[in-house]
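Counting in full-length UniProt numbering, the sequence shown runs from 1 upward without gaps. Every residue, glycine too, gets a C-beta built ideally from N, C-alpha and C. Note that the structure is a prediction, hence the values are computed from the model and not measured.
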Amino acid sequence: MIAITGYSGFVGRHLLANLSEYECLLLGRNDTDDGHRFCEFDLNAINKAVLFESLKSVKTVIHLAARVHVMNGSASKTLHEFKTMNTKATLEIATQAAAAGAKRFIFLSSIKVNGERTSNNRPFCAQDKPAPEDAYAISKAEAEDQLIELGKQTGLEIVIIRAPLVYGEGVKANFASLMKLVARGLPLPFGLIKYNQRSLVSVYNLINLITLCIEHPKAVNQVFLVSDDSDLSTAQMVSLMARAQGKRSLALPVPQWCFALVGKLINKNDLVERLTGSLQVDISHTKNTLDWKPPHTVEEGFSLAAKQRVGS
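Laid out in C-alpha coordinates, this is it:
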(Lines of atoms letter the chains of each structure in order from A and count residues from 1; the text may use other names and numbers.)
(Lines give C-alpha, C1' and ligand atoms only; values in the text may rest on other atoms or scores of the structure.)
Protein backbone atom coordinates (compact mmCIF):
# COMPACT_ATOMS: atom_id res chain seq x y z
CA MET A 1 0.00 0.00 0.00
CA ILE A 2 1.09 3.57 -0.72
CA ALA A 3 0.26 6.50 1.56
CA ILE A 4 0.02 9.92 -0.09
CA THR A 5 -0.11 13.40 1.41
CA GLY A 6 -1.02 16.39 -0.72
CA TYR A 7 -3.22 14.24 -2.97
CA SER A 8 -5.70 17.08 -3.56
CA GLY A 9 -3.05 19.46 -4.91
CA PHE A 10 -1.90 19.94 -8.49
CA VAL A 11 0.83 17.30 -8.41
CA GLY A 12 -1.15 15.01 -6.12
CA ARG A 13 -4.17 14.82 -8.43
CA HIS A 14 -1.98 13.82 -11.35
CA LEU A 15 -0.10 11.29 -9.21
CA LEU A 16 -3.26 9.65 -7.88
CA ALA A 17 -4.58 9.27 -11.44
CA ASN A 18 -1.44 7.27 -12.29
CA LEU A 19 -1.48 4.89 -9.32
CA SER A 20 -4.43 2.71 -10.31
CA GLU A 21 -2.34 -0.45 -9.87
CA TYR A 22 -1.67 0.38 -6.21
CA GLU A 23 -3.87 0.42 -3.15
CA CYS A 24 -3.63 3.95 -1.77
CA LEU A 25 -4.12 5.53 1.63
CA LEU A 26 -4.88 9.24 1.44
CA LEU A 27 -3.65 11.38 4.33
CA GLY A 28 -5.41 14.74 4.38
CA ARG A 29 -8.31 16.88 5.45
CA ASN A 30 -10.93 15.76 2.94
CA ASP A 31 -11.90 12.33 1.65
CA THR A 32 -12.10 11.99 -2.14
CA ASP A 33 -14.96 9.44 -2.02
CA ASP A 34 -13.33 7.48 -4.85
CA GLY A 35 -12.73 4.21 -3.08
CA HIS A 36 -9.30 4.93 -1.61
CA ARG A 37 -8.63 4.46 2.08
CA PHE A 38 -8.60 7.73 3.98
CA CYS A 39 -7.10 9.03 7.22
CA GLU A 40 -7.80 12.55 8.45
CA PHE A 41 -4.52 14.40 8.69
CA ASP A 42 -3.35 17.99 9.22
CA LEU A 43 0.23 19.24 8.89
CA ASN A 44 -0.44 21.71 11.71
CA ALA A 45 -1.79 19.18 14.18
CA ILE A 46 -0.57 15.62 13.65
CA ASN A 47 -2.20 12.95 15.81
CA LYS A 48 0.76 10.59 16.22
CA ALA A 49 -1.26 7.61 17.46
CA VAL A 50 -3.82 7.80 14.64
CA LEU A 51 -1.09 8.31 12.04
CA PHE A 52 0.89 5.35 13.35
CA GLU A 53 -2.14 3.04 13.23
CA SER A 54 -3.08 4.14 9.71
CA LEU A 55 0.43 3.48 8.39
CA LYS A 56 0.75 -0.10 9.65
CA SER A 57 -0.04 -1.64 6.26
CA VAL A 58 1.85 0.96 4.22
CA LYS A 59 4.98 0.06 2.29
CA THR A 60 5.79 3.47 0.78
CA VAL A 61 4.90 7.04 1.77
CA ILE A 62 4.86 9.77 -0.88
CA HIS A 63 4.92 13.12 0.88
CA LEU A 64 3.74 15.95 -1.36
CA ALA A 65 1.95 18.20 1.13
CA ALA A 66 3.75 21.42 2.04
CA ARG A 67 3.27 25.03 2.96
CA VAL A 68 4.32 27.06 -0.08
CA HIS A 69 2.73 30.47 0.32
CA VAL A 70 4.18 33.19 2.52
CA MET A 71 2.17 34.00 5.62
CA ASN A 72 1.63 37.43 7.09
CA GLY A 73 3.93 38.43 9.89
CA SER A 74 7.56 38.96 10.73
CA ALA A 75 10.35 37.09 8.98
CA SER A 76 11.08 35.05 12.12
CA LYS A 77 7.42 34.09 12.52
CA THR A 78 7.20 33.16 8.85
CA LEU A 79 10.29 30.93 9.11
CA HIS A 80 8.90 29.28 12.25
CA GLU A 81 5.59 28.50 10.53
CA PHE A 82 7.30 27.12 7.44
CA LYS A 83 9.48 24.91 9.62
CA THR A 84 6.46 23.69 11.58
CA MET A 85 4.66 22.51 8.45
CA ASN A 86 7.50 21.61 6.11
CA THR A 87 10.22 20.38 8.46
CA LYS A 88 8.71 19.22 11.73
CA ALA A 89 5.61 17.66 10.15
CA THR A 90 7.66 15.90 7.47
CA LEU A 91 9.93 14.34 10.09
CA GLU A 92 6.94 13.28 12.19
CA ILE A 93 5.27 11.54 9.26
CA ALA A 94 8.50 9.74 8.39
CA THR A 95 9.11 8.79 12.04
CA GLN A 96 5.66 7.25 12.38
CA ALA A 97 6.05 5.54 9.00
CA ALA A 98 9.33 3.95 10.08
CA ALA A 99 7.84 2.85 13.40
CA ALA A 100 4.82 1.35 11.63
CA GLY A 101 7.03 -0.71 9.33
CA ALA A 102 7.05 1.32 6.12
CA LYS A 103 9.98 0.60 3.84
CA ARG A 104 10.38 3.78 1.78
CA PHE A 105 9.67 7.51 2.10
CA ILE A 106 9.58 9.66 -1.06
CA PHE A 107 9.86 13.37 -0.34
CA LEU A 108 9.01 16.01 -2.94
CA SER A 109 11.44 18.82 -2.23
CA SER A 110 12.37 21.90 -4.26
CA ILE A 111 15.26 23.02 -6.43
CA LYS A 112 15.20 26.15 -4.26
CA VAL A 113 17.19 24.06 -1.77
CA ASN A 114 20.10 24.45 -4.19
CA GLY A 115 19.54 28.19 -4.56
CA GLU A 116 17.53 30.78 -6.42
CA ARG A 117 19.59 31.24 -9.58
CA THR A 118 22.41 29.86 -11.69
CA SER A 119 24.98 31.70 -13.77
CA ASN A 120 27.67 31.14 -16.41
CA ASN A 121 25.69 28.20 -17.79
CA ARG A 122 26.58 26.15 -14.71
CA PRO A 123 23.46 24.23 -13.69
CA PHE A 124 22.60 23.00 -10.23
CA CYS A 125 23.67 19.41 -9.50
CA ALA A 126 22.50 16.91 -6.91
CA GLN A 127 25.95 16.99 -5.32
CA ASP A 128 26.00 20.77 -4.83
CA LYS A 129 26.08 22.17 -1.32
CA PRO A 130 22.57 23.45 -0.52
CA ALA A 131 22.17 27.22 -0.52
CA PRO A 132 18.53 27.94 0.37
CA GLU A 133 17.61 31.61 0.68
CA ASP A 134 13.97 32.05 1.67
CA ALA A 135 11.95 30.50 4.48
CA TYR A 136 10.31 27.90 2.24
CA ALA A 137 13.64 26.68 0.85
CA ILE A 138 15.25 26.62 4.30
CA SER A 139 12.39 24.53 5.68
CA LYS A 140 12.71 22.07 2.80
CA ALA A 141 16.50 21.82 3.18
CA GLU A 142 16.20 21.12 6.90
CA ALA A 143 13.54 18.50 6.22
CA GLU A 144 15.91 16.77 3.81
CA ASP A 145 18.72 16.74 6.38
CA GLN A 146 16.49 15.34 9.10
CA LEU A 147 15.03 12.68 6.81
CA ILE A 148 18.49 11.49 5.83
CA GLU A 149 19.47 11.23 9.50
CA LEU A 150 16.24 9.38 10.32
CA GLY A 151 16.96 6.96 7.50
CA LYS A 152 20.38 6.20 8.95
CA GLN A 153 18.88 5.58 12.38
CA THR A 154 15.88 3.47 11.35
CA GLY A 155 16.68 1.93 7.98
CA LEU A 156 13.81 3.78 6.31
CA GLU A 157 14.72 4.23 2.64
CA ILE A 158 14.72 7.94 1.82
CA VAL A 159 14.19 9.25 -1.71
CA ILE A 160 14.37 13.02 -2.24
CA ILE A 161 13.22 14.67 -5.46
CA ARG A 162 14.01 18.35 -6.01
CA ALA A 163 11.78 19.88 -8.64
CA PRO A 164 11.93 23.27 -10.37
CA LEU A 165 8.72 24.96 -11.54
CA VAL A 166 6.14 22.26 -12.27
CA TYR A 167 3.60 22.90 -15.02
CA GLY A 168 0.82 20.99 -16.72
CA GLU A 169 -2.92 20.82 -17.18
CA GLY A 170 -4.59 22.40 -14.16
CA VAL A 171 -1.56 24.37 -12.98
CA LYS A 172 -2.18 27.72 -11.30
CA ALA A 173 -0.08 30.70 -10.15
CA ASN A 174 2.41 32.51 -12.41
CA PHE A 175 2.60 29.89 -15.16
CA ALA A 176 -1.17 29.89 -15.60
CA SER A 177 -1.27 33.69 -15.58
CA LEU A 178 1.34 33.85 -18.34
CA MET A 179 -0.56 31.22 -20.34
CA LYS A 180 -3.68 33.37 -20.13
CA LEU A 181 -1.81 36.47 -21.31
CA VAL A 182 -0.38 34.59 -24.27
CA ALA A 183 -3.81 33.16 -25.12
CA ARG A 184 -5.15 36.68 -25.63
CA GLY A 185 -2.83 37.12 -28.59
CA LEU A 186 -1.63 40.53 -27.43
CA PRO A 187 1.98 41.73 -27.83
CA LEU A 188 4.09 40.89 -24.76
CA PRO A 189 7.36 42.59 -23.72
CA PHE A 190 9.58 39.51 -23.63
CA GLY A 191 11.28 39.65 -27.02
CA LEU A 192 14.72 40.49 -25.65
CA ILE A 193 14.70 38.02 -22.76
CA LYS A 194 16.33 35.38 -24.92
CA TYR A 195 19.64 34.72 -23.21
CA ASN A 196 18.47 33.41 -19.85
CA GLN A 197 17.96 29.67 -19.37
CA ARG A 198 15.39 28.08 -17.08
CA SER A 199 14.68 24.44 -16.35
CA LEU A 200 11.05 23.41 -15.94
CA VAL A 201 9.40 20.05 -15.44
CA SER A 202 6.01 18.97 -16.71
CA VAL A 203 3.86 17.25 -14.14
CA TYR A 204 3.76 14.28 -16.52
CA ASN A 205 7.54 13.81 -16.35
CA LEU A 206 7.57 14.42 -12.60
CA ILE A 207 4.88 11.81 -11.98
CA ASN A 208 6.75 9.35 -14.17
CA LEU A 209 9.85 9.80 -12.00
CA ILE A 210 7.95 9.56 -8.72
CA THR A 211 6.24 6.33 -9.74
CA LEU A 212 9.57 4.89 -10.88
CA CYS A 213 11.03 5.65 -7.44
CA ILE A 214 8.32 3.69 -5.63
CA GLU A 215 10.09 0.39 -6.22
CA HIS A 216 13.37 1.11 -8.02
CA PRO A 217 16.20 -0.48 -5.98
CA LYS A 218 18.72 2.20 -6.96
CA ALA A 219 16.52 5.06 -5.73
CA VAL A 220 17.35 4.25 -2.12
CA ASN A 221 18.87 7.13 -0.13
CA GLN A 222 19.33 9.33 -3.18
CA VAL A 223 18.72 12.99 -4.00
CA PHE A 224 17.36 13.39 -7.52
CA LEU A 225 16.98 16.58 -9.50
CA VAL A 226 14.30 16.55 -12.18
CA SER A 227 13.44 18.61 -15.25
CA ASP A 228 12.28 18.21 -18.84
CA ASP A 229 15.99 18.11 -19.74
CA SER A 230 15.51 21.05 -22.09
CA ASP A 231 16.15 24.59 -20.85
CA LEU A 232 14.24 27.59 -22.19
CA SER A 233 14.69 31.34 -22.32
CA THR A 234 11.65 33.41 -21.39
CA ALA A 235 11.20 34.33 -25.06
CA GLN A 236 11.26 30.64 -26.02
CA MET A 237 8.82 29.81 -23.25
CA VAL A 238 6.32 32.40 -24.46
CA SER A 239 6.73 31.18 -28.03
CA LEU A 240 5.98 27.60 -26.98
CA MET A 241 2.95 28.75 -24.99
CA ALA A 242 1.61 30.56 -28.04
CA ARG A 243 2.17 27.60 -30.36
CA ALA A 244 0.53 25.20 -27.90
CA GLN A 245 -2.56 27.40 -27.81
CA GLY A 246 -2.72 28.05 -31.54
CA LYS A 247 -1.74 31.70 -31.20
CA ARG A 248 0.88 33.88 -32.82
CA SER A 249 3.78 34.90 -30.61
CA LEU A 250 3.97 38.69 -30.55
CA ALA A 251 7.10 39.67 -28.62
CA LEU A 252 8.06 43.31 -28.11
CA PRO A 253 11.80 44.13 -27.78
CA VAL A 254 11.75 45.68 -24.30
CA PRO A 255 15.23 45.98 -22.69
CA GLN A 256 15.82 43.95 -19.54
CA TRP A 257 16.76 47.01 -17.50
CA CYS A 258 13.15 48.14 -17.84
CA PHE A 259 12.01 45.00 -16.03
CA ALA A 260 14.56 45.59 -13.28
CA LEU A 261 13.36 49.17 -12.84
CA VAL A 262 9.70 48.21 -12.70
CA GLY A 263 10.50 45.41 -10.27
CA LYS A 264 12.10 47.86 -7.86
CA LEU A 265 9.25 50.35 -8.19
CA ILE A 266 6.52 47.82 -7.43
CA ASN A 267 8.59 45.66 -5.07
CA LYS A 268 8.47 42.60 -7.33
CA ASN A 269 12.17 41.89 -7.72
CA ASP A 270 11.62 38.16 -7.19
CA LEU A 271 9.12 37.99 -10.05
CA VAL A 272 11.48 39.91 -12.33
CA GLU A 273 14.29 37.51 -11.39
CA ARG A 274 12.16 34.55 -12.43
CA LEU A 275 11.37 36.24 -15.75
CA THR A 276 14.85 37.42 -16.64
CA GLY A 277 17.27 35.25 -14.64
CA SER A 278 18.52 31.72 -15.14
CA LEU A 279 17.92 28.56 -13.13
CA GLN A 280 19.30 25.45 -14.79
CA VAL A 281 19.18 21.90 -13.47
CA ASP A 282 21.53 19.05 -14.35
CA ILE A 283 19.60 15.77 -14.17
CA SER A 284 22.42 13.49 -15.32
CA HIS A 285 22.63 11.83 -11.88
CA THR A 286 18.91 11.03 -12.04
CA LYS A 287 19.12 9.65 -15.57
CA ASN A 288 22.25 7.59 -14.96
CA THR A 289 21.25 6.16 -11.58
CA LEU A 290 17.73 5.15 -12.58
CA ASP A 291 18.33 4.58 -16.30
CA TRP A 292 15.55 7.13 -16.82
CA LYS A 293 14.83 9.94 -19.21
CA PRO A 294 11.82 12.28 -19.30
CA PRO A 295 9.18 10.51 -21.43
CA HIS A 296 7.65 13.79 -22.63
CA THR A 297 9.46 16.55 -24.51
CA VAL A 298 8.99 20.12 -23.37
CA GLU A 299 6.89 20.76 -26.49
CA GLU A 300 4.59 17.88 -25.55
CA GLY A 301 4.41 19.17 -22.00
CA PHE A 302 3.30 22.62 -23.12
CA SER A 303 0.71 21.14 -25.48
CA LEU A 304 -0.76 19.06 -22.67
CA ALA A 305 -0.70 22.07 -20.33
CA ALA A 306 -2.64 24.10 -22.91
CA LYS A 307 -5.48 21.57 -23.17
CA GLN A 308 -7.48 23.20 -20.40
CA ARG A 309 -7.04 26.68 -21.84
CA VAL A 310 -7.90 25.68 -25.41
CA GLY A 311 -10.93 23.73 -24.29
CA SER A 312 -12.33 26.52 -22.14
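Among the residues of its own chain, which have a CB less than 6 angstroms from the CB of residue i, if the five just before and after it don't count?
i, result
"GLN280", "THR118, PRO123, GLN197, SER199 and ASP231"
"GLY6", "GLY12, LEU64 and ALA65"
"ASP128", "ASN114"
"ALA306", "ALA244 and GLN245"
"PHE41", "LEU27 and GLY28"
"ASP145", "none"
Between which residues of its own chain and residue i is the CB-CB distance below 8 angstroms, once the five residues before and five after are set aside?
i, result
"PHE10", "VAL166, GLY168, GLY170, VAL171, LYS172 and VAL203"
"LEU304", "GLY168, GLU169, SER202, TYR204 and HIS296"
"THR211", "LEU15, ASN18 and LEU19"
"VAL182", "LEU188, VAL238, MET241, ALA242, GLN245, LYS247 and SER249"
"VAL159", "ARG104, PHE105, ILE106, PHE107, CYS213, ALA219, VAL220, ASN221, GLN222 and PHE224"
"ILE2", "LEU19, TYR22, GLU23, CYS24, LEU25, VAL58, LYS59, THR60, VAL61, ILE62 and ILE214"
"THR286", "ALA126, LEU209, PHE224, LEU225, VAL226 and TRP292"
"ALA143", "ASN86, THR87, THR90, LEU91, PHE107 and SER109"
"residue 365", "In the structure as shown, the chain starts at 1 and stops at 312, and residue 365 therefore has no counterpart that could be examined."
"THR276", "ILE193, ASN196, THR234, GLN256, PHE259 and ALA260"
"ILE30", "Here the sequence assigns Asn to residue 30, which means Ile is not the residue at that position. The residues are SER8."
"ASN44", "THR84, MET85 and ALA89"
"LEU271", "ASN174 and GLY263"
Measure the alpha-carbon distance for residue i versus residue j and round it to whole angstroms.
i, j, result
"GLY35", "GLU273", "44 angstroms"
"ALA163", "SER227", "7 angstroms"
"LEU19", "LEU147", "24 angstroms"
"SER57", "ALA102", "8 angstroms"
"LEU290", "ILE266", "44 angstroms"
"VAL298", "ALA49", "44 angstroms"
"VAL238", "GLU300", "15 angstroms"
"SER233", "SER177", "17 angstroms"
"GLU149", "ALA94", "11 angstroms"
"GLY151", "VAL68", "25 angstroms"
"GLN236", "ASN288", "28 angstroms"
"LYS180", "ASP229", "25 angstroms"
"ASN47", "LEU55", "12 angstroms"
Excluding five sequence neighbours on each side, which residues of the same chain lie with their C-beta closer than 7 angstroms to the C-beta of residue i?
i, result
"PHE302", "LEU240, MET241 and ALA244"
"PHE52", "GLN96, ALA99 and ALA100"
"SER278", "ARG117, THR118, SER119, ASN196, GLN197 and ARG198"
"ASN269", "GLY263"
"ALA137", "SER110, LYS112 and VAL113"
"PHE38", "LEU26 and ASP31"
Exposed or buried, which one is residue i when buried takes at least 16 other CB atoms within 10 Å?
i, result
"GLY311", "With a pLDDT of only 40 at GLY311, under 50, the local geometry of the prediction cannot be trusted, and the value read off the model is given with reservation. So GLY311 counts as exposed."
"PRO187", "exposed"
"ASP282", "buried"
"SER284", "exposed"
"ILE4", "buried"
"ARG184", "exposed"
"PRO217", "exposed"
"LEU252", "exposed"
"PRO294", "buried"
Rounded C-beta distance between residue i and residue j? I'm assuming under 8 angstroms.
i, j, result
"ASN114", "ALA131", "6 angstroms"
"GLY191", "VAL262", "Contact doesn't hold; Cβ gap of about 16 angstroms is too wide."
"GLN256", "ILE161", "With 8 angstroms as the limit, GLN256 and ILE161 do not qualify as a contact, their Cβ atoms being about 32 angstroms apart."
"ASN174", "LYS140", "Not really, about 19 angstroms apart at Cβ, beyond 8 angstroms."
Under 6 angstroms: does the beta carbon of residue i sit that close to some heavy atom of the ligand NAP?
i, result
"GLU133", "In the structure shown, the ligand NAP is absent, as is every other ligand, since no ligand is present at all."
Could you tell me whether the segment 54 to 63 touches the segment 101 to 111, where touching means 3 or more Cβ pairs closer than 8 angstroms?
Enough Cβ pairs lie closer than 8 angstroms, so yes.
Three or more C-beta pairs under 8 angstroms: does that hold for the segment 87 to 106 against the segment 152 to 162?
With three or more CB-CB distances shorter than 8 angstroms, the segment 87 to 106 counts as touching the segment 152 to 162.
Determine contact between the segment 10 to 20 and the segment 206 to 219, defined as no fewer than three beta-carbon pairs at a distance below 8 angstroms.
Contact between the segment 10 to 20 and the segment 206 to 219 is established, with three or more Cβ pairs separated by less than 8 angstroms.
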